[in-house]
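A short write-up of the structure that comes next.
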Amino acid sequence: MKPRTEISMQLYNLMMERGYPENLCDLVTRNLNTDYTATRMIGYLSHYSDLPDVEVVDEMLAILSDRNELIKKKESEQAQTRISEIYRFGLDIK
């Protein structure tokens, strides 16, 4: 796993301030370790004052699922671009 970003650490501190267990804060921020995913969780938490742990974990999983779908979409777009180049220019392109 990659190291936590500054925003991911902000998420960790926010969760600790709200009284979530340290192991949950650690789990969430180790998985939401990009600015994009951590910012989404901070946004989610900002709408609620007291969420059960299970709701936080559920949202973490939803954010990760969305991120994975976005990655798949970008990979598919890149592959389609490459296929289009091959159709236009043949296999000799770099």
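Mapping the sequence shown onto the numbering used here, position 50 (from 1) lands on 50, and the numbers just tick up by one. Virtual Cβ for every residue (Gly too), placed ideally from N, Cα, C.
Residue range of the unbroken alpha helix (DSSP H) whose run includes residue i
i   : result
N33 : Here N33 belongs to no alpha helix (DSSP H), and DSSP marks it neither H nor E.
Y20 : From DSSP, Y20 is part of no alpha helix (DSSP H); its letter is neither H nor E.
D53 : D53 to F89
Alpha carbon of residue i to alpha carbon of residue j, nearest angstrom
i   : j   : result
Y44 : L91 : 47 Å
R4  : L32 : 8 Å
M15 : E55 : 13 Å
Q78 : E85 : 11 Å
G19 : Q80 : 47 Å
I63 : V57 : 10 Å
Buried versus exposed call for residue i [16 or more other C-beta atoms within 10 Å across all chains shown]
i    : result
R88  : exposed
T169 : Residue 169 lies beyond the residue range present for the chain, which begins at 1 and ends at 94; the question has no answer from this structure.
Y48  : exposed
L11  : buried
I83  : exposed
I71  : exposed
Contacting residues, own chain, Cβ-Cβ under 7 Å from residue i (five flanking each side not counted)
i  : result
I7 : D35, A38 and T39
Close Cβ partners of residue i (< 6 Å) along its chain, the five nearest in sequence each way excluded
i   : result
V28 : M60
Expected contact under 8 Å - CB spacing of residue i and residue j to nearest Å
i   : j   : result
L24 : D53 : 6 Å
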